[in-house]
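A.B. asks:
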Amino acid sequence: MFLIYCPYCGEEREESEFHAKGQAHLARPADPDNSSDEEWGHYLFFRENPRGIHHELWVHAAGCRKFFNVTRHTVSYEILETYPIGEQPRVTANQMEKPA
Amino acid sequence: MQRYSGFGLARHALSHHENWQRMWRNPTPKKAYDAIIVGGGGHGLATAYYLAKEHGITNVAVLEKGWLGGGNTARNTTIVRSNYLWDEAAALYEHSLKLWEGLSQDLNCNVMFSQRGVLNLGHTLQDMRDIQRRVHANRLNGIDSQVLDAQQVKEIVPILDCSSDRRYPVMGASWQPRAGVARHDAVAWGFARAADAMGVDLLQQTEVNGMRIEDGQIVGVETNRGFIGAKTVGCVTAGNSSVVAKQAGLLLPLESHPLQALVSEPLKPILDTVVMSNHVHGYISQSDKGDLVIGAGIDGYNGYGQRGSYPTIEHTLQAIVEMFPIFSRVRMNRQWGGIVDTCPDACPILSETDVKGLFFNCGWGTGGFKATPGSGHVFAWTLAKGHAHPLAKPFSINRFVTGQLIDEHGAAGVAH
Amino acid sequence: MSDAAIFDQQAVADKVTGQSPLHHLSSSHKTEGVVLEEVPSLGYLTLRGDANDEAFRAGVHKALGLELPVQPMTLLQSDTVSIQWLSPDEWMIVCPGARCFEFESALHEQLSGHYAVVNVSGGYTMLTLSGDRALDVLYQSTAYDVHPRHFGTGKAVATTLAKATVFLRRPDDGKWELIVRRSFADYCWRWLVGVC
Amino acid sequence: MTQPNRLAQGGRVNRDRPLSFVFNGETYQGYEGDTLASALLANAVSVVNRSFKYARPRGIVAAGAEEPNAVVQLGASEAAQTPNVRATQQALYDGLVASSTNGWPNVQRDVMGLFGKVAGKMMPPGFYNKTFMAPASMWMTYEKLIRKAAGLGRSPREQDPDRYEHFHRHCDVLVIGAGPAGLVAASVAANSGARVILCDEQEQMGGCLLSTTETLNGKPANQWLSETLDHLAANPDVLLLPRTTANGYHDHNFVTLHERVAEHLGDTAPEGMARSRMHQVRAKRVVLSTGSHERPLVYANNDVPGNFVSGAISSYIHRYGVVPGNQLVVMTANDQGYRCAIDWYDAGRNVVAIVDARPDADGHWVKQAEERGLRILKGQVVFDTKGTKAVQGAWVSAWNAERFALTGEAQLLECDAIASSGGFSPVVHLAAHTGARPVWRDDIQGFVPAAVKGQLPTGGCNGVYPLHQVLADALDTGITAALDCGYEASRFILPEVDDLVESAPLALFEIPHTKATMRAPYQFVDLQNDVTAAAIELATREGFESIEHVKRYTAMGFGTDQGKLGNINGMAITARRLGQTIPETGTTVFRPNYTPVPFGAIAGPHRRELFDPKRYTALHSWHEQRGATFEDVGLWKRPWYYPIGNESMHDAVSRECLAVRNKVGILDASTLGKIDIQGKDAREFLGRVYTNKWEKLGIGKARYGLMCKDDGMVTDDGVTTCLGDQHFLMTTTTGGAAAILEWLELWHQTEWPELEVYFNSVTDHWATITITGPNSRALLREITDIDLDRDKFKFMEWRQGTVAGVPARVYRISFTGELSYEINVQADFAMHVWQTLFEYENKYGLTPYGTETMHVLRAEKGFIIVGQDTDGSVTPEDLGMQWCIGYDKPFSWIGKRALSRPDTSRRDRKQLVGLKPLKDDVVLEEGAQIVLDPNQPIPMRMVGHVTSSYFSPTLNHGFALALLMDGHNRMGEIVFMPMPDGQVHEAEVVGTVFYDSKGDRQNV
Ligand SMILES: Cc1cc2nc3c(=O)[nH]c(=O)nc-3n(C[C@H](O)[C@H](O)[C@H](O)COP(=O)(O)OP(=O)(O)OC[C@H]3O[C@@H](n4cnc5c(N)ncnc54)[C@H](O)[C@@H]3O)c2cc1C
Ligand SMILES: NC(=O)c1ccc[n+]([C@@H]2O[C@H](COP(=O)([O-])OP(=O)(O)OC[C@H]3O[C@@H](n4cnc5c(N)ncnc54)[C@H](O)[C@@H]3O)[C@@H](O)[C@H]2O)c1
Ligand SMILES: Cc1cc2nc3c(=O)[nH]c(=O)nc-3n(C[C@H](O)[C@H](O)[C@H](O)COP(=O)(O)O)c2cc1C
Ligand SMILES: [Zn+2]
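Residue numbers (this note's numbering), protein chains in the order written: chain A, 1 to 100; chain B, 1 to 416; chain C, 1 to 196; chain D, 1 to 1004.
(1) Just to confirm, is the Cβ distance from S20 (chain C) to S2 (chain C) under 9 Å?
(2) Which class does E32 (chain D) belong to by DSSP, given the choice of helix, strand or coil?
(3) Answer yes or no: does any C-beta atom of chain A fall closer than 9 Å to that of P88 (chain C)?
(4) Can you tell me whether S289 (chain D) sits near ligand 2, meaning its C-beta is under 8 Å from at least one heavy atom of the ligand?
(5) For R58 (chain D), which three-state DSSP category applies?
(6) Measuring only the C-alpha atoms, how far is S280 (chain B) from D267 (chain D)?
(7) CA-CA distance, L129 (chain C) and H433 (chain D)?
(8) Just the C-alpha distance for R372 (chain D) and I342 (chain D), rounded to the nearest angstrom, thanks.
(9) Between H765 (chain D) and chain B, is any beta-carbon pair separated by less than 9 Å?
(10) Using only the alpha-carbon positions, how far apart do W893 (chain D) and D50 (chain C) sit?
(11) Let me see if you follow: with CB-CB separation under 9 Å, is D162 (chain D) close to chain B or not?
(12) I want to see whether chain F comes within less than 9 Å of Y124 (chain C), judged by CB atoms only; does it?
(13) Cβ of M571 (chain D) within 9 Å of Cβ of Q105 (chain B)?
(14) Using Cβ-Cβ distances below 8 Å, what residues of the segment 301-314 of chain B are close to chain D?
(15) Is any heavy atom of ligand 1 found at a distance shorter than 8 Å from the C-beta of L64 (chain B)?
(16) Give, in chain order, every residue of the segment 1-15 of chain A whose Cβ lies closer than 8 Å to some Cβ of chain C.
(17) At what residues does the beta strand (DSSP E) containing H293 (chain D) begin and finish?
(18) CB-CB under 8 Å to V531 (chain D), same chain, minus the five flanking residues each way: which ones, in chain order?
(19) Can you tell which of D:A737, D:V689 and D:G459 has the C-alpha that lies nearest to the C-alpha of L755 (chain D)?
(20) State the DSSP-derived secondary structure class of L857 (chain D), mapped to helix, strand or coil.
(21) Since H19 (chain A) meets chain B, which of its residues come closer than 8 Å, beta carbon to beta carbon?
(22) Just to confirm, does H60 (chain A) get its C-beta within under 8 Å of one of the non-hydrogen atoms of ligand 4?
(23) What are the partner residues of Q335 (chain B), as DSSP defines its beta bridges?
(24) What would DSSP say about R552 (chain D), mapped onto helix, strand or coil?
(25) Work out the CA separation of K53 (chain D) and R3 (chain B) for me, nearest whole Å.
(26) So is I85 (chain A) in contact with chain C if we call contact Cβ pairs under 9 Å?
(27) Which chain B residues sit within Cβ distance under 8 Å of L961 (chain D)?
(28) Do the CB positions of W24 (chain B) and Q205 (chain B) come within less than 9 Å of each other?
(29) Determine which residues of the segment 131-142 of chain D have a Cβ less than 8 Å from any Cβ of chain B, and write them out in chain order.
(30) Could you list which residues in chain C have their beta carbon closer than 7 Å to that of V464 (chain D), in chain order?
(31) Let me check understanding here. Comparing Cα to Cα, which of B:S285, B:Q132, B:N302 and B:L51 lies closest to P50 (chain A)?
Next comes the structure, spelled out in structure tokens:
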């Protein structure tokens, strides 16, 4: 039962106020009409689905209605950061692999 | 293999049960096998069993990172049915159901497959339309399936509250009499024991953490116990499939989510069938031990933690109490979660990959227990021949590129 | 001023009476320690715009006589109007129903560029909770921390009320305001009466 | 009746308040303050149940949550039946009625017990899986018998008369367990200014202080206890919750507490009171001061009633003034056993012997026992029990711990109670719920909680046992908790407690027998599930080497006690059989619930009426008064049809349809999703999310739009109107409203933030009243100032004005194919407008119609319903809606690319067509599957299905819409729908528009 820090409301809120929207930073191919079937299929369906550090998209549905990104560990469920759309994560899997 | 029977049991009782043999060996890994199955869940073990039994390929290892049958096989609500909507899915699950019907005898292990019937309730007009559509399709596919009205539902499950003043009254249901439940652990153990008896090496505590690929051909896997060679590798790792795929440089159209279930304390028999409701969202049966086995919904986020969020459990029990108000004082004993590998179209992947010799059997998501024998059977064929079994063909990974999805969402009621 | 199509939706003929979403229930419920009441027929305006834009803030101030709250979860109020922060670019303005168009027009007069004002008066109603046990009612209804240490006067949040959503506000020490959506009002009312 | 085992004084029961209760049909007396278990023991009721598998007589063994045997059926009435109540945790109340859950005809004489004796040997673990396979056809019969024998209590057959509450709580520090550790930690945190919740599952707070003889500040523990509780209670920021079990510890410090508000008061809660209450707590820090469970030892026949864990005996004596017997033998591997013996002796009963498995114990309690002259047998063990329904003696022998064997002569000590203590297991359950594995500590021979963020184990739970150390540990914990939450820690003066020297405990779990494990009498590990040491040995013999396999093969820990008493012993026994250590063997996974929680409590008030919100439109009460039947659409209640008198649905719908086609009908369309869209890029945005074009739509005009997901599948549709050059009103399907708004925001916020546009829901704000039919213009004209002239206010336009004196926007759009107006007014005024229209009811034949009629009328026109005629696998092209696809729009709109994928561009996909049954009176069944050859064998090749089907009173025949493979090329073909009853329906494939194909009627 997560407690999620909404970067817009500026406080932690109950998971029940949010919707999880899957993998973050999914870029729609810039030129869909000229993308291959493989590219389009990958964009639509293929996902990182990592065991460990995951960057994902959430929306504060019952609160400010804003979408934002969450870096979360998919085993411990620990939330390591939340950050607005357009920003890049500070905590990444590569970083975590290195000894602290 | 020591045969099981009532008579044998009596004989063993006389010798104080001191002469029972191991169900399976604990072998040391060989350097190489003809085929490696990654994942010792029900599907992986069934694959190994049918490889040995139907295709004579016995130089096989099943690599399991934990204990056999400890993944989703250990944590599902054991509902077995075949009343899927689309022809491709219906054919695969019905193939499986037919195998279930002789499985205890085939494996010489009682998997307690109990054909007590499954009801999928409808609570809205659209539910009923979907039910009718599915039942018509089932019937023409040769699957036993009927549409029932609320009165008929009430006759089958008198304790179900079918009154019209509920928030979502029961309008009717689909009913598959041949469907039911089975003893999940026994299924894994039965396949394991039978596969072991034919020479399959079951390697527990053996985690695959890398794939060795040469010139686009798989040559073996790296494990915590060293490299093990094989030119045919079948991955049957359910919730962890994306992780294993990544080791081969592959991305899959999967997301792993927590799916939870719970049991009540054991009760005297009170519920004789399986009742599932998609709309109110709960499903329930009573195990032979007496506990009510209740399935919850999937959690929206990705998770490998084998646990989910509390509101999901809360909502599920609201649904159960709504359908069965008499269970209000029954108590929840234990809850747990599994990691389900969900596919965008709620159908599995049984497929070759871009790596020669490397196959995946995954994406069963919230509903693959029922497919255990069928999936193993079809996947063994696929591994043995090197290309997809006719029943597996529609379930290729490639469908996500071409767009030929088999969308079982909603259409099949609850996904279990 | 945008090109938005607006008109005075409140300007009804004399004989016309409005109906609150709770007209079929009683408008107040009292039990020991709690008073639950409906305040019907208020005016509600959704305001959208850029809080970082000084002109926008100034325009709102001019139109409503109130600062635009830019701190998350704050509620600013005057005798007639209140503004509740809903998100960095969204606010809820509550005023007497009869003056709604006046404020809506004033905003359009003062604002320019990328902004929006939407009359949503038909879409909400307000419930108030007061009494010693009001907190107990809220503890049973929302997962948000309403303890006075965390939810001081002048705070306002958008959160959940049982299985509905709500704008929960604390305009003064003794009273809680709950703004609920019209179609959910019956549910919210019954829920609150149930836990009162 | 007397209570033979009740002491004349002592205990915390109120002897002035006798209570009578019934157990298995006999009436007994206990006192206020008793548990059902203490009252049964006071009355010397020894057999309380029969075991699950072998039907052996069972008695009470413990005094708390860990009790495996005393699980009873409670309730005097049918509705109040409560299965599987743990007698040790059920407070006694006057009139309590309970019975054993197993035993036929009764627990004293159980015929299954005989069967268990004979057949028990035939029932090793896994026996089900090894038998009942032949003949296969008999299995379902066998299964019925197996099921009959299973289960503990029974479910009530009537509805629960009680209600349950939910409370959401927030605090700085949640302290679970109000023993000395919890009390100190809570006090320190509270004194420091933190918001504190302190809960304990027992009727009274105090934990071990309730039954200790140790003194605090030189006074009986009770003094310090009540002072401390009073002090906490006086703090307004402290919430004290007795009778409250923390049953689940979830991620991010979310803990569920179950408070038994009225379970101690009676079968059903008193008027106005909930039976129980779930507190859902969000805490910054959670202090786990849950103490420890004492482990019994595993020896032969250790299940015979009269066998106890030693601490339970102390509890019964000190808390309830009950001594469960006269002659006690204690077996212990630590000093706890001595305390039990001393308590027994001090209560005036006889201690036969203290059997200490250690050769040389000499701690404080040992000396105390020696001072009392108690007989102590050192280096010896109790390995077997004499008796079946009650303990008659203990078989004792010297033993060799290294060789794990008995040595020397066995001797029988006659007694009527045996207490054992193998050591303590910290109550780590909650600490492990979020996935952390407990950590083994050799020094205490137990598992303690792993380090988890936000979690602070202390006292017994942390493996700290001597009271003075517990207090010091808890003080540190309280300070840490306060500091972690940002408070300055306050001073707290710990009570003075003697530092009593204890002798070193021995790690002991099972006791060898003269016979090998497989041949020895049952040595129970898990009493509730009849799991024995032999069963575990057998499991390992059969190759089950993971503790999780052992659990599942033997059912160890599966019971309602979840193995609180037996699991660690089972793990130790497994470890020994596998030749490995206990930490190598590990524990099984701990999961919620700590103790079982009623479904009703978890469901809370979200039942019946409040199970899910019912959404109502502003006109709902009118529909009700008019006798409408309602349909659930999403959360909404929509009028389905309005029967008059005894009219059937068919008749009502026919009447409503004809009224629309011939006169005028009225529909409450308020549930449609409505989204206000403003901004200079609004038009561009619409062009990206809809399949069709929007750049030219002028102010005052409306257009139908289709929306896809990026996989090319239709997801929503509706009419969007242009209100201003940069201002639009989008309508969505009723069910899709919230999802579509979120969908638009998703694209805007994540993909195209540069577009200047705002979306706001106005679904609830606008009420929408549709009047449709040839008379609609005349009707509306009666009450509007808008110029309705057909050329001034054209189809697919909107106008502003007043209707019935209410400012309104009127849209001339049609979902029926008739001349229609959709009147939008602020919802508060909808009823006025609606009622005003009905003043003309008779003049124009105004007829209210519901969703069913709406469906018939729209289907006659070939208008789709997303979700009924589509199912997530249908493209706009499949629907034949190419007219609604902007192939050449500059932006590659959502869904466009997917349409050219190999499968989506296939020509023979399933496509929407009309079906006209060859027989006029046939109405095809919705969902019916279509075949081309009705005579083929099963499995048949299906080529599509009927999506919508109705009888058209206008056309006077049935008609349908269907998705048909290659359907657009099959016009005029005959297709077949085989029915379950053997009938085959035949229909001709036709276009989707059945009525007014030119669309003249809506344009009049
Ligand atoms: C709560 C719940 C309820 C369900 N209810 C139903 C139901 O009622 N009916 C139904 O039909 N289905 C149900 N399912 C789904 C069903 O459980 C699964 O689809 C099915 O059990 C999958 O079987 P499997 O053998 O593929 O997977 P698993 O049993 O999960 O086996 C996969 C194995 O792979 C192993 N593994 C993973 N990674 C590696 C690695 N790198 N190296 C070695 N081994 C590895 C895992 O340890 C695991 O043992 C439910 C699932 C859950 C969680
Ligand atoms: N060798 C020894 O001397 C020895 C060994 C073991 C225990 N002890 C005694 O144990 C004491 C330890 O004190 P403590 O405070 O840690 O433990 P405690 O046993 O005194 O208190 C623990 C409390 O937690 C409650 N509890 C447990 N699980 C709960 C749950 N899930 N929800 C709500 N309540 C729950 C119990 O009802 C109990 O009241 C010492 O004072 C000592 O006397 C001594
Ligand atoms: C069909 C089924 C029935 C179960 N019945 C019980 C039960 O009666 N008692 C119990 O404690 N657990 C029961 N469990 C749950 C298991 O104890 C366990 O939680 C589950 O297998 C997941 O494993 P884990 O909790 O060890 O991760 C059952 C599980 C399944 C799948
Ligand atoms: Zn927010």
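All C-beta atoms, glycine included, are put in the ideal place defined by N, C-alpha and C.
Since we're looking at a predicted model, the values are computed, not measured.
C.D. replies: Let me spell this out:
(1) Taking the first residue of the third sequence as position 1, residue 20 (chain C) is located at position 20. Taking the first residue of the third sequence as position 1, residue 2 (chain C) is located at position 2. For S20 (chain C) and S2 (chain C), no; Cβs fall outside 9 Å.
(2) Reading the fourth sequence from its first residue, position 32 is the one you call residue 32 (chain D). If DSSP states are grouped into helix, strand and coil, E32 (chain D) belongs with the strands.
(3) Taking the third sequence and counting its residues from 1, the one referred to as residue 88 (chain C) is at position 88. At least one chain A Cβ lies under 9 Å of P88 (chain C).
(4) Residue mapping note: residue 289 (chain D) aligns to position 289 of the fourth sequence, counting from 1. Because some heavy atom of ligand 2 lies under 8 Å away, the Cβ of S289 (chain D) counts as near it: yes.
(5) The residue given as residue 58 (chain D) occupies position 58 in the fourth sequence. In this structure, R58 (chain D) counts as strand in the three-state DSSP scheme.
(6) Taking the second sequence and counting its residues from 1, the one referred to as residue 280 (chain B) is at position 280. Taking the fourth sequence and counting its residues from 1, the one referred to as residue 267 (chain D) is at position 267. Here residue 280 (chain B) turns out to be Val, not Ser, going by the sequence shown. Cα to Cα, the separation comes out at about 30 Å.
(7) Looking up residue 129 (chain C) in the third sequence gives position 129. Looking up residue 433 (chain D) in the fourth sequence gives position 433. When rounded, the distance between both Cα atoms is 38 Å.
(8) For the purposes of this step, residue 372 (chain D) is taken as residue 372 along the fourth sequence, with counting starting at 1. For the purposes of this step, residue 342 (chain D) is taken as residue 342 along the fourth sequence, with counting starting at 1. Roughly 8 Å separates the two Cα atoms.
(9) On the fourth sequence, position 765 is the one that residue 765 (chain D) refers to. No, H765 (chain D) does not count as interfacial toward chain B.
(10) Counting from one through the fourth sequence, the residue named residue 893 (chain D) turns up at place 893. Counting from one through the third sequence, the residue named residue 50 (chain C) turns up at place 50. Cα-Cα distance, rounded: 28 Å.
(11) In the fourth sequence, the residue the question calls residue 162 (chain D) occupies position 162. Yes - at least one Cβ of chain B is within 9 Å of the one on D162 (chain D).
(12) Absent from the structure: chain F. Protein chains present are A, B, C and D.
(13) As a working mapping, residue 571 (chain D) is identified with position 571 in the fourth sequence. As a working mapping, residue 105 (chain B) is identified with position 105 in the second sequence. Cβ distance not < 9 Å, so M571 (chain D) and Q105 (chain B) don't count as in contact.
(14) G305, Q306, R307, S309, Y310, I313 and E314
(15) One-based indexing of the second sequence puts residue 64 (chain B) at position 64. One detail in the question is off: residue 64 (chain B) reads as Glu in this sequence, not Leu. The answer is yes for E64 (chain B).
(16) Y8, C9, G10, E11, R13 and E14
(17) Taking the first residue of the fourth sequence as 1, we reach residue 293 (chain D) at position 293. Looking at the DSSP string, the run of the beta strand (DSSP E) that includes H293 (chain D) is S292 to R295.
(18) Walking along the fourth sequence from the start, residue 531 (chain D) turns up at place 531. For V531 (chain D), where only same-chain residues beyond five positions count, the Cβ hits under 8 Å are P125, F524, V525, T554, A555, M556, G566 and G570.
(19) What you label residue 755 (chain D) is simply residue 755 of the fourth sequence in a count that begins at 1. That would be D:V689, whose Cα lies nearest to the Cα of L755 (chain D).
(20) Start at 1 with the first residue of the fourth sequence, and residue 857 (chain D) comes out as number 857. Three-state DSSP puts L857 (chain D) in a helix.
(21) In the first sequence, residue 19 (chain A) corresponds to position 19, counting from 1. Going along chain B in sequence order, the residues near H19 (chain A) (Cβ under 8 Å) are G300.
(22) Counting from 1 along the first sequence, the entry for residue 60 (chain A) is found at position 60. For H60 (chain A), the Cβ falls inside the 8 Å cut-off from some heavy atom of ligand 4.
(23) On the second sequence, position 335 is the one that residue 335 (chain B) refers to. Beta bridge pairing from DSSP links Q335 (chain B) with B:L262.
(24) Locating residue 552 (chain D) in the fourth sequence gives position 552, counting from the first residue. Note: R552 (chain D) maps to helix in three-state DSSP.
(25) As a working note, residue 3 (chain B) is residue 3 in the second sequence. As a working note, residue 53 (chain D) is residue 53 in the fourth sequence. Distance between the alpha carbons of R3 (chain B) and K53 (chain D) is about 24 Å.
(26) Counting from one through the first sequence, the residue named residue 85 (chain A) turns up at place 85. Cβ-Cβ to chain C under 9 Å: no for I85 (chain A).
(27) Working through the fourth sequence from its first residue, we reach residue 961 (chain D) at position 961. Here the premise fails: no neighbours, minimum Cβ distance about 12 Å.
(28) Stepping through the second sequence from its first residue, residue 24 (chain B) is reached at position 24. Stepping through the second sequence from its first residue, residue 205 (chain B) is reached at position 205. No, these two residues do not count as a Cβ contact at 9 Å.
(29) The segment 131-142 of chain D vs chain B, Cβ under 8 Å: T131, F132, M133, A134, A136, W139 and M140.
(30) For the purposes of this step, residue 464 (chain D) is identified with residue 464 of the fourth sequence, where counting begins at 1. Per Cβ cutoff of 7 Å: no residues; V464 (chain D) is ~32 Å from chain C at best.
(31) Locating residue 50 (chain A) in the first sequence gives position 50, counting from the first residue. Ranking the options by Cα distance to P50 (chain A), first place goes to B:N302.
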